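Quick notes on the structure that follows.
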Amino acid sequence: MAPYFFYFLAFLAIFSALMVVFSKNPVYSVLFLVMTFFAIAGQYILLNAQFLAVVHIIVYAGAIMVLFLFVVMLLNLNKELEPHKSSLLKLAGVIASGILMLTLIGTFRGATEQVVGAGLSDGLTYNNQVGLVKNLGKVLFSDFLLPFELSSILFLSAMVGAVMLGKRDKEPIEL
Amino acid sequence: MDITILIYQAILVVFIFSVSLFVAMYSTYAERKVAAFMQDRIGPDRAGPFGILQPLADGVKMFMKEEFIPNPSDKFLFVVGPCVAMFTACISSAVIPWGDSLSINGHILSLQVADINIGILYVFGVVSMGVYGIMIGGWASNNKYSMIGAIRASSQLISYEISMGLALIPIVMMSGSISLKTIVEQQQGIHWNVFVQPLSFLIFLICAFAETNRTPFDLPECETELIGGFHTEYSSMKLGFYLFAEYINMFVSSAVMAALYFGGYNFPFIHSLGLSHNAVTLLGVGFFFAKIFAFIFFFMWVRWTIPRFRYDQLMKLGWKILIPLAILNILITGALMMIKAS
Numbered sequence: 010m011a012p013y014f015f016y017f018l019a020f021l022a023i024f025s026a027l028m029v030v031f032s033k034n035p036v037y038s039v040l041f042l043v044m045t046f047f048a049i050a051g052q053y054i055l056l057n058a059q060f061l062a063v064v065h066i067i068v069y070a071g072a073i074m075v076l077f078l079f080v081v082m083l084l085n086l087n088k089e090l091e092p093h094k095s096s097l098l099k100l101a102g103v104i105a106s107g108i109l110m111l112t113l114i115g116t117f118r119g120a121t122e123q124v125v126g127a128g129l130s131d132g133l134t135y136n137n138q139v140g141l142v143k144n145l146g147k148v149l150f151s152d153f154l155l156p157f158e159l160s161s162i163l164f165l166s167a168m169v170g171a172v173m174l175g176k177r178d179k180e181p182i183e184l
Numbered sequence: 047m048d049i050t051i052l053i054y055q056a057i058l059v060v061f062i063f064s065v066s067l068f069v070a071m072y073s074t075y076a077e078r079k080v081a082a083f084m085q086d087r088i089g090p091d092r093a094g095p096f097g098i099l100q101p102l103a104d105g106v107k108m109f110m111k112e113e114f115i116p117n118p119s120d121k122f123l124f125v126v127g128p129c130v131a132m133f134t135a136c137i138s139s140a141v142i143p144w145g146d147s148l149s150i151n152g153h154i155l156s157l158q159v160a161d162i163n164i165g166i167l168y169v170f171g172v173v174s175m176g177v178y179g180i181m182i183g184g185w186a187s188n189n190k191y192s193m194i195g196a197i198r199a200s201s202q203l204i205s206y207e208i209s210m211g212l213a214l215i216p217i218v219m220m221s222g223s224i225s226l227k228t229i230v231e232q233q234q235g236i237h238w239n240v241f242v243q244p245l246s247f248l249i250f251l252i253c254a255f256a257e258t259n260r261t262p263f264d265l266p267e268c269e270t271e272l273i274g275g276f277h278t279e280y281s282s283m284k285l286g287f288y289l290f291a292e293y294i295n296m297f298v299s300s301a302v303m304a305a306l307y308f309g310g311y312n313f314p315f316i317h318s319l320g321l322s323h324n325a326v327t328l329l330g331v332g333f334f335f336a337k338i339f340a341f342i343f344f345f346m347w348v349r350w351t352i353p354r355f356r357y358d359q360l361m362k363l364g365w366k367i368l369i370p371l372a373i374l375n376i377l378i379t380g381a382l383m384m385i386k387a388s
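Protein chains in written order, with the numbering used here: chain A, 10 to 184; chain B, 47 to 388.
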């Protein structure tokens, strides 16, 4: 049963990811991106990583994409108003995202070795208890404590930056 | 997983689904009666004795009205909007423990559809999806009032979701679990969380009002400024879906509050009555529903008592008062737990 679910979700994820790029209307793009996130959350559930799945939904689909939708709706983008991009820029975009994909693949391959090194898994069989919230919490606060704290500092500084940018100036700006 | 369990689960799902629809249906009637009582009127009394058939009449009216889709709207998303709102409202009740277990013919049957170990996070996930129904509907209508209503709704929901989540953390810290069933089981007798965490409950309650778009937080559909808010362009049963989803949300959030803070199906001295396990369970279910109805009445009571906030007051309350209070509550709970442990 599980392989069929996997193929279905994988198809859904790739299809909606492609639709994000090919949709004419940016609002549809955002909604297809939400669908992609749901398909990926489904994959997490297949791996018995319930916590990751639900946090993925809450954070990405529930908060970040709502803000995306917000901005897209307010800007009211359409085809006529959009500046035409030259093919050189498009080529640069393709190369840049290709390099990003290579980096990501390299990182994840490295991550597997790190997990094996930490003795959490032998890298071949999947420990289906590792995604449960109790085990995940233990791993995060013991083996991966430094990266975890570093990423929280990153978030904190991003938050401070956002507040600084959003802060109203003391002198009202003359319009 | 044998077939009887599956059949039982299916029956339970259908049963809970119909109960929540039924409760939502009669909440509309109760709301009008409560409003009438508060304003010294009689309320609906034409359909059946005491107007008891009023919800049916309303439903028939909704179905019979003209189905109208405005021409400049996005036709597909215009229909998707209310569907999403209704869908998210309906699926959130899956993790609520309605009662303890029943034992029939040696089978132990749990009165909870899914006891997943992320229980309360599931509710949050579904709640955060609810905003799409409103946003899609508001945008697809292609009407500026709908648009402003939708934007108000989404910023309100996002803001209050944060304090709602933060308010809940002390409860999770104390119980050491995010499964709703475990949290309810730990509140045996009268050890209800509301007595230990009154501040957390207060914040959660305020956020629940905001999340269900009820007065004093019903800015998204504020009639005096926005005609009907995000559902201005909707008619017939699509409008009915939006309105109905609000009542289902009210029912579910009442159930969540009753389970998290008021002991769910627990009530004092039940185990000293000497009843059988099944009788205790059924009594517990009854008591749980009594708590839920008390909360629903409270929702209505507030609606007809307190005027609506201004939008900047709403944002100020959410970001500048509730979030710091919730964080303070987490710190105090953590400190007390550390003192107690050492």
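Here a beta-carbon is modelled for each residue, glycine too, at the ideal position from N, C-alpha and C.
All values reported here derive from a predicted model rather than from experimental measurement.
Pull out every residue of the region 150 to 165 of chain B whose Cβ sits closer than 7 angstroms to any Cβ of chain A, in chain order. I162, N163, I164
Assuming B:V331 contacts B:W144 under a Cβ cut-off of 8 angstroms, what Cβ separation, rounded to an integer in Å, is found between them? Counted from its first residue, the second sequence places residue 331 of chain B at position 285. Counted from its first residue, the second sequence places residue 144 of chain B at position 98. Correct: roughly 6 angstroms between the Cβ atoms.
Is it a yes or a no for the region 337 to 355 of chain B touching the region 294 to 310 of chain B, going by three-plus beta-carbon pairs under 8 angstroms? yes
Taking 8 angstroms as the cut-off, does the region 246 to 263 of chain B touch the region 220 to 227 of chain B (at least 3 CB pairs, one atom from each stretch)? no
Would you mind stating whether A:S25 and A:F41 have Cβ atoms separated by less than 8 angstroms? Counted from its first residue, the first sequence places residue 25 of chain A at position 16. Counted from its first residue, the first sequence places residue 41 of chain A at position 32. Result yes, Cβ atoms of A:S25 and A:F41 sit closer than 8 angstroms.
Is any heavy atom in the ligand MG found nearer than 7 angstroms to the beta carbon of A:V30? As far as ligands go, the structure on display features none, and thus does not contain the ligand MG.
Contact set between A:Q138 and chain B, taken where Cβ atoms lie within less than 8 angstroms: Start at 1 with the first residue of the first sequence, and residue 138 of chain A comes out as number 129. In chain order: nothing, as chain B lies at least about 11 angstroms away.
B:L148, DSSP secondary structure in three states: Translated into the one-based positions of the second sequence, residue 148 of chain B becomes position 102. In this structure, B:L148 counts as strand in the three-state DSSP scheme.
I'd like the list of long-range same chain contacts for B:E401, defined as Cβ closer than 7 angstroms, with 5 residues on each side in sequence excluded. Because residue 401 of chain B is not part of the residues shown, which for chain B are 47 to 388, the question remains open.
At a cut of 8 angstroms, does the region 108 to 119 of chain B reach the region 157 to 174 of chain B through at least three beta carbon pairs? no
For the putative contact between B:I217 and B:I208, defined by C-beta atoms under 8 angstroms, what is the C-beta separation to the nearest angstrom? Residue 217 of chain B sits at position 171 when you count from the first residue of the second sequence. Residue 208 of chain B sits at position 162 when you count from the first residue of the second sequence. Their Cβ separation, rounded to whole angstroms, is 16 angstroms, which puts B:I217 and B:I208 out of contact at 8 angstroms.
Nearest to B:L382 by alpha carbon, out of B:M219, B:I204, B:G127? To locate residue 382 of chain B, count along the second sequence from 1; it is residue 336. Of B:M219, B:I204, B:G127, the residue nearest in Cα terms is B:M219.
Minimum C-alpha distance to B:L10 - residue among A:A70, A:N34, A:L55, A:I104: What is shown of chain B runs 47 to 388, which leaves residue 10 of chain B out entirely.
Between B:F263 and chain A, is the shortest Cβ-Cβ distance under 8 angstroms, so that the two count as touching? Along the second sequence, one-based indexing puts residue 263 of chain B at 217. Closer than 8 angstroms: no.
Identify the contact partners of B:F170 in chain A, using a Cβ-Cβ distance below 7 angstroms as the criterion. Taking the first residue of the second sequence as position 1, residue 170 of chain B is located at position 124. Near B:F170 (Cβ distances below 7 angstroms), the residues of chain A are I67.
Members of the region 210 to 231 of chain B that neighbour chain A once the beta carbon cut-off is set at 8 angstroms: I224
Tell me which residue opens and which closes the alpha helix (DSSP H) that B:I88 is part of. Along the second sequence, read from residue 1 onward, the residue named residue 88 of chain B stands at position 42. First-last for B:I88: undefined, no H or E at that position.
How many whole angstroms separate the CB atoms of B:M193 and B:G184, which I take to be in contact at a CB cut-off of 8 angstroms? Taking the second sequence and counting its residues from 1, one reaches residue 193 of chain B at position 147. Taking the second sequence and counting its residues from 1, one reaches residue 184 of chain B at position 138. Right, their Cβ atoms sit about 6 angstroms apart.
Taking B:I378 as part of the alpha helix (DSSP H), name the residues at either end of that continuous run. The sequence position of residue 378 of chain B within the second sequence is 332, counting from 1. Per DSSP, B:I378 belongs to the alpha helix (DSSP H) from 369 to 387.
What's the gap between the Cα of B:L58 and the Cα of B:M84? Position 12 of the second sequence, counted from the start, is the residue given in the question as residue 58 of chain B. Position 38 of the second sequence, counted from the start, is the residue given in the question as residue 84 of chain B. In a straight line, the C-alpha of B:L58 is about 37 angstroms away from that of B:M84.
In chain order, which continuous runs of the beta strand (DSSP E) of length 3 or greater are located wholly inside the region 211 to 250 of chain B? none
Buried or exposed: where does B:S318 fall if 16 or more other Cβ atoms within 10 Å of its Cβ makes it buried? In the second sequence, residue 318 of chain B corresponds to position 272, counting from 1. By the neighbour-count rule (16 or more Cβ atoms within 10 Å), B:S318 is not buried but exposed.
Give the DSSP bridge partners of B:I154, in chain order. Residue 154 of chain B sits at position 108 when you count from the first residue of the second sequence. The partner list for B:I154 (beta bridge, DSSP) reads B:S149.
For the region 181 to 202 of chain B, which residues have a beta carbon sitting closer than 9 angstroms to at least one beta carbon of chain A? M181, I182, G184, W185, A186, M193, A196, I197, S200, S201
Cβ shell of B:F333 (< 7 angstroms), same chain only, five flanking positions each side left out: What you label residue 333 of chain B is simply residue 287 of the second sequence in a count that begins at 1. Cβ within range, chain order: Y311, F313.
With a CB to CB cut of under 8 angstroms and the five nearest residues on each side skipped, what residues in its chain are close to A:L155? Here the question's residue 155 of chain A lines up with position 146 in the first sequence. Excluding sequence neighbours, A:L155 sits near nothing in its chain.
Going by DSSP in three states, B:E279 sits in which element: helix, strand or coil? Here residue 279 of chain B refers to the residue found at position 233 when the second sequence is read from its first residue. Three-state DSSP puts B:E279 in coil, outside helix and strand.
Same chain, Cβ closer than 6 angstroms to B:N188, five either side skipped, listed in chain order: If you number the second sequence from 1, residue 188 of chain B lands on position 142. Excluding sequence neighbours, B:N188 sits near P118, S119.
Continuous alpha helix (DSSP H) stretch holding B:L99: start and end: By one-based count along the second sequence, residue 99 of chain B stands at place 53. That residue, B:L99, is in no alpha helix (DSSP H); it is neither H nor E in DSSP.
Please report the straight-line C-alpha distance between B:G94 and B:F290, rounded to a whole angstrom. Locating residue 94 of chain B in the second sequence gives position 48, where the first residue counts as 1. Locating residue 290 of chain B in the second sequence gives position 244, where the first residue counts as 1. Near 22 angstroms, if we compare the C-alpha coordinates of B:F290 and B:G94.
Do three or more CB pairs link the region 138 to 153 of chain B to the region 94 to 105 of chain B at distances below 8 angstroms? no
Pick out whichever of B:L52, B:Y54, B:C136, B:K121 has its Cα sitting closest to the Cα of B:M296. As a first step, residue 296 of chain B must be located in the second sequence, where it is residue number 250. For the residues B:L52, B:Y54, B:C136, B:K121, the minimum Cα distance to B:M296 belongs to B:C136.
What does the Cβ neighbour count give for A:N85, buried or exposed, with the cut at 16 atoms within 10 Å? In the first sequence, the residue the question calls residue 85 of chain A occupies position 76. Answer is exposed; the Cβ neighbour count stays below 16.
Could you give the DSSP three-state label for A:I114: helix, strand or coil? Numbered from its first residue, the first sequence carries residue 114 of chain A at position 105. Three-state DSSP puts A:I114 in a helix.
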